[in-house]
Structure formats: C-alpha cells, structure tokens
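This report concerns only the one structure given below.
There are 2 protein chains.
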Amino acid sequence: MAATLADVAARAGVSSATVSRVLNGNYPVAEATRRRVTEALRELNYVVNGPARALAAATSEVLGVLVNDVSDPFFGVLASGIQREAAEADLLTMICHTAGSADDELRYMELLLRQRARAIVVTGGGPEDGGHRRRTADLVRQSVARGTRVVFCGREAPPDSEAASVVFDNHGGAAALTRLLLAAGHRRIAYLTGPPHHTTSSARVAGARQALTEAGIDPDSCLWIRSGFSRAAGLEAGRELVRAAVDCTAVVAGNDLTASGVIASLRACGVRVPEDVSVAGFDDLPVAVDVVPELTTVRLPLRSGAVTAGRIATGTERTAPGVVVRMPAELRSRESVAAPGGGLSGAVGLPRER
Amino acid sequence: MAATLADVAARAGVSSATVSRVLNGNYPVAEATRRRVTEALRELNYVVNGPARALAAATSEVLGVLVNDVSDPFFGVLASGIQREAAEADLLTMICHTAGSADDELRYMELLLRQRARAIVVTGGGPEDGGHRRRTADLVRQSVARGTRVVFCGREAPPDSEAASVVFDNHGGAAALTRLLLAAGHRRIAYLTGPPHHTTSSARVAGARQALTEAGIDPDSCLWIRSGFSRAAGLEAGRELVRAAVDCTAVVAGNDLTASGVIASLRACGVRVPEDVSVAGFDDLPVAVDVVPELTTVRLPLRSGAVTAGRIATGTERTAPGVVVRMPAELRSRESVAAPGGGLSGAVGLPRER
DNA sequence: TTGTACGCGTTATCAT
DNA sequence: ATGATAACGCGTACAA
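Residue numbers (the working numbering), protein chains in the order written: chain A, 1 to 354; chain B, 355 to 708.
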C-alpha cells in the first residue's frame, strides 16, 4: 500500500539508488532527473521507512530522554533544553516518563537501545540501590557497544562506564543555603529531604549536614523529614508540621515545588512566611518567583546543563568517555527567608488570616 | 560488534529461525533447545534490533504522544493516562513536545510515521488554521494507509479522516461556568481567552458567549483578553488588569494554571479573592485545590479521556473509523467565586496586604 | 520440532 | 551521473 523507493523509481523511470540519492542529497544528481524524482515522490506521497533506513544505515534519528515525571517543571526545563540541541542535529526527541520507577527506567533504556536510538539522556537523580546501578551499568555498556551514546544529566554515570555525565552541585548548594539560614540566626530547622535512597536527595541532605557540622551544630538537632519532590508532598508536609506544632523557625524544602506546597499549606493554616517561619527551596524554577513571598532558593543552571548534555548526546560537543561536567549552584536570596520569627509552634493557633 | 540472531544461533547450534521462535514464543520449541538458546542469548547479551524487526514485521512497538507542553500538568495527566494503556499493550510510549508549534506538530507526526509507530495520539487543542488542518488530514490519511493508528485527544480529528477523537465539552463547561457567575450576580466579567486561533480557546469562548447571550447580556459588554494557557500568562494578565484598574468583579481564566497565576498576582497587588474579585479556572487540575482560595472551575475527565484514547490507539478498544467520543464537563464550585465584591477598580490602591 | 530461503525497504559499493 | 546489486537483521512460509 505505502509507496516504497522502488515504486517511486519506477514512476520516475530511474533506479531506486537514484531516488535514494535525491532523498539524501549526498551524491550528485542531474537537475532534470532530480526534478522527475521529486515529482514522483510527491505524487506517490512517499514517506521514508525509518526502520528500513535505520537497518541499512545502522543508525536512527531518535534521541531518547528519560525523565522521572513529565509534569514536573524541573524535567520540563531539562527536556526542552536537550530537545533544542537534538533538533539542531536533526534528531527526533522522544521523552519517556519513568514515574521515578527504577524498573521503568531500565525498561525504557532497553527499549531505546532496541530502537538503536542515536543517544539516550537519562535525566534527574536516581536510585542509590546497588542492583539498579549495576543493571544500569550493564545497559550503558551494551548501548555504547552498539553505538548508542548515553549521557546522564543530573547524576553521575555508573563508574567505569563510557557514559558522560552532567551533574549539578547539589551538595555545595545545599551547604550554602544552610549557611545562609544559620547566618540569619536560624537554629531549629526542619528539612524536607525529598525521596529516600535517591541521589539528589542524599546530596542535598549531605550538604546541609556538612554546613551544620562546620558551624558546630549537631545535625541531629534539626528535623529531617522524608517527603517527595512534588508540590503535593510539600502541602502534606506543611500540614503535618503545623499539626504537630513542630518547634522550628525555618523549613528547607527538597525543591521549589515542594516549597511552594509548604508555603501554601502554611498560609492556609495562618502561619506567616517569613514573619513566623522562613521557607527555602531548591532549583530556582520559575515557580520560585511566582510564589508569594518569593522563594529563597539555590539556582541550578538546568538549562545550560541540559544544553551541554544535549550537545554531548548529539555529538556536537566531543568529550572524553566518562567525562563528568560539573555545574555550579548559586544561592538566590529572596523574601521567604528572614530573621527567625516566633516559629511554627508559636504561630499555630493564631486566627486564620487571608 | 553487537550480537545478531545469527550469532546466537551459531552459539546455540541451531538456526536463526529457531532463535527467533524462542524470542517471540509464537511457535513450539523443544524445551531443551529453548534452554540452550536462552543461554546463548544471555551469554551474548543479545538485544533485538528494533528497526530490523519493524522492517520484517512491518510494525513497531512504539506509541507516540504529541503534547503542546511537557511541563504543563494538563498534558502530564493526558500523557500518563495514555502511557498506562500503552504499557498494558506492551508498547513503548514516546512523548513529543511540540511547544504549541503547528509546524512541530506536523514534523513530529511525520517522524513518528516514518518510524512506523503503531499509533499516534495527538493531545490538546490545535490551530484553527485551515492550512494546518489540511496538512494534518493528509498525514492522518497516510498514517492510516501505513497502518499507524491516529487518535486525537482534546480536539476533533480533521473531517473525513479515519482517525478517532476523544473530545472534552469545553463549550458546555464554559457555558455552565458563566451561568454560575451570572447566578452569583456578576455582570462585569473579564475573560482571559487563552491562545488565539486555538480550538480549545475558541470553544471555551463560544460557550461563555452563548451563556451570556442566553441570559440577555451582550457578550461584548464583557472584556475578552487574549492570553496564553500558562501560569505566567495569568500572572501577567493579573498585573495588567490591576494596572489598568479594569472595571470587573470577576475574572475567568482560560484554565486553572492561568487562574493560579491571576490569583497570585492579584494577591501581590493587594486585591482579595473572592472578596474584591472572583476568579474561575478550567480543567480542575490538582493545582485547583492547592491554590488559596480553592478554585471554582470546570472539571474535565482528562484521565478517563486519556485512557479511552489510549485504548483506541492500542487497539484494546475497537471503534468505528472516525468515531468521536464526547466526554462531559462538570462544574466544580469552590471558594474563589463569591457574590460580586467591590471589583478590581475598587480594590486597587488599597494598602498592600500580606 | 527444526531448518532453508526469501522478502521487508534502505543504503552503499561497484561498475558503467 | 546513474544503474545493479549486495548487505543490514529479522520474521515466516514452506519444506523436511
């Protein structure tokens, strides 16, 4: 039913090789023939058969991007940055949503590998579990062996793998943020840690603990509360903090999304930010300046990290195998952090305000 | 370098046909041979060559989803619903971000077509431009001819196409919402229309205008302001409304995201919602109940619409060609709409509050 | 139950 | 400049 190269060739009275040449423009073709072929192409509504091309040329035009959550703006920024580079290199970006599941991550990597994708970019942090790491390393090895470039953007590639990585300074950023809070006078801080056993969460927690320790404060005198990275997680955590009338003057959320949730639920409970309690985020996504009050947070150069990852993936930028590109983090001090106020436990019970 | 069927066959001492049979399990294979083959498969780290398989079998395991914006939760809900069904049918979902560009939409459709994707689901509204419609119709025709099913989820398929559609009652929902506002006593309403020349925007505007007309109110006595569907668009529109001290008692945003932006910027300007001005949204995304005050909006059954679209796309649910499945809209009356207050122009200039 | 052999639609290498 | 033709790796009638 669908027209093939041969059909087009017959119609134009040439060989299929000539049609292929017209299509790819990599060999000289007489102007007259080219026109006849182009005509036939149009008349028959010819559409390249990708699989056949990929089989013959041993390469495809697909670049796969793995994201934890398609509807999280963190990944939106990453995905669109990568995509821009891919488009630049005439590659089709396909985004695969792993829902944070380690299994799905592996499944999608394998499926992209099957498709002989030109490259795979794995974004965001990942499970710290050794088994997963090992299986990932295996897949990376196979990918590279088959010519599929693999780039990690947001965590380090498994050790000894050929894959490049672009990583953000979660550790340093978290430490700087904590230092800012300490400098403002906060001592009783509640940390929402993000999902457990996750590279990003762990790095941020470690950074914060280090800053505390260096300031001579026992990290365990602070509160460490598990949460997700979603806005809903922040809402819930905020409500829980209020319910338990937790004794703290500052809340450090795992990221901006969570922070926005915390602020919303604190406000709903009549707790003022930053007068009663300071709140901080991480990432510096657009939401950080949408929120009232504007969020003190840590800026990660997500866009440029994504572009770098994209350039390595497309081959636009050539790097040594296993290279690790480190992107800096930068403090963004805004309104949501101020000097310690009455604290959460003091504010709770006040009349609800609007 | 990469092991092929033949390599595995040699290793296992069988023919490549047998290996293929073991792989696909569609023909009987002796238990002993199966084990030998499985072993060889493992030893050689065999990975199916997708393109080759797609070429031979004339079909692939890919389902493509086109979305306007990967980081918009509206599409997140749609994409994940479709993906669930795809996974159920052992298909790999690939999400393509068109950034709302009509050209990109066509490009991605074509690329998926090239890949001989099993199905393509085009989500969200689209350009109303006739040229785009025609070109889309062409692509749909070609897709269907090549065995790639096409489903639209959020707009109707081009006329006379074989493609199925799942549509949401934007028109009815918008009308119901406007009636609610009218019943509450509002007469001076500012509508943020969403992106121009876009099917979703138009349907919502048309519904609102109809409800106004039916109530004996001249639609042109209301304000119709172009905006986007993003939160940023809402922020900007809100600021603009305040700056111009627009004379209205209610703002109807194009969707929930925009509404949340409007609320944020109104609050930042000291305008109280709903005491001074009522605000309404559309879609009933999770953000609708996150916002303070909770948003009065129109619930669209996005999840179940996505599932339906997914089932049609995977072939799980068989439907007549060109079928249009209509999903209802349902009013969700919450806190953000109340009786008319002082209005925007009245509130502006009041001391900024926190 | 298993093997042989051909076709799927392209690209790329030789000739011409 | 153009045409034959051999891969590319897999699925599947058909034969055994």
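For glycine and all other residues, C-beta sits at the position ideal for the given N, C-alpha and C.
The C-alpha of T200/A is placed about 32 Å away from the C-alpha of G270/A.
When CB distances to chain A are screened at a threshold of 9 Å, the residues of the region 634-662 of chain B falling below it are P640, V641, D644, V645, V646, P647, in chain order. Of the residues assessed, H197/A falls on the exposed side of the cut-off, its CB having fewer than 16 other CB atoms within 10 angstroms. Within the region 92-106 of chain A, the residues whose Cβ lies closer than 8 Å to some Cβ of chain B are L92, T93, M94, I95, C96, H97, A99, listed in chain order.
Per the C-alpha coordinates, the member of A371/B, A440/B, N524/B positioned closest to D638/B is N524/B. With a beta-carbon spacing of about 5 Å, R36/A and A12/A fall inside the 8 Å limit used to define contacts.
Runs of the beta strand (DSSP E) lying entirely within the region 550-623 of chain B, each at least 3 residues long, are 577-579, 604-606 in chain order. For R468/B, at least one C-beta of chain A is nearer than 8 Å to its own C-beta. Interface criterion not met: the Cβ of G25/A is under 8 Å from no Cβ in chain B. Within the same chain, Cβ atoms closer than 8 Å to the Cβ of V421/B are found at F429, L432, A433, I449, C450, H451, T452, T477, G478, the five residues on either side in sequence being excluded.
Listed in chain order, the non-local C-beta contacts of L467/B below 7 Å within the same chain comprise L493, Q496, S497, R500, T502, local neighbours out to five positions each way being set aside. Under the Cβ criterion of 8 Å, R204/A is not counted among the residues facing chain B. Under the DSSP assignment, T297/A falls in the beta strand (DSSP E) whose first and last residues are 297-299. Between the region 239-248 of chain A and the region 203-221 of chain A, the count of C-beta pairs closer than 8 Å stays below three; the two stretches do not touch.
Sequence-distant partners of S687/B (beyond 5 residues in either direction) whose C-beta falls short of 7 Å from its own C-beta, in its chain, are L534, T650. Inter-residue distance for V627/B and I217/A is about 43 Å (C-alpha atoms, whole angstroms). In this chain, the alpha helix (DSSP H) harbouring L111/A covers 102-114. Around the Cβ of E439/B, a 10 Å sphere holds 16 or more other Cβ atoms; the residue is buried.
Using a CB distance cut-off of 8 Å, N422/B does not count as an interface residue toward chain A. Burial check for P127/A: the Cβ neighbour count within 10 Å reaches 16 or more, so the residue is buried.
For G582/B, the CB contacts under 6 Å within the same chain, skipping 5 residues up- and downstream, are P549 in chain order.
The DSSP-derived three-state label of F168/A is strand. Contact of N399/B with chain A is assigned, a C-beta pair being separated by under 8 Å. Distance from the CA atom of V246/A to the CA atom of S345/A, rounded to whole angstroms, is 6 Å.
At a cut-off of 8 Å between beta carbons, Q210/A makes no contact with chain B. Partner residues in the beta bridge of Y191/A, as assigned by DSSP, are W224/A, V252/A.
Residue state for A163/A is assigned as coil, using DSSP reduced to three classes.
If you draw a straight line from the Cα of Q83/A to the Cα of E61/A, it is about 13 Å long. Using beta-carbon distances, L63/A does not count as an interface residue toward chain B, since no partner is under 8 Å.
Residue pairing for R332/A: DSSP places it in a beta bridge opposite T297/A. Note on geometry: alpha-carbon atoms of V22/A and V48/A lie some 12 Å from one another.
Take S15/A, set aside five residues on each side of it, and the residues of its chain with a beta-carbon closer than 6 Å to its own are A9, in chain order.
For H132/A, the enclosing alpha helix (DSSP H) covers residues 130-145. For the region 73-89 of chain A, the beta-carbon criterion of a distance under 8 Å to any beta-carbon of chain B is satisfied by P73, F75, G76, V77, A79, S80, Q83.
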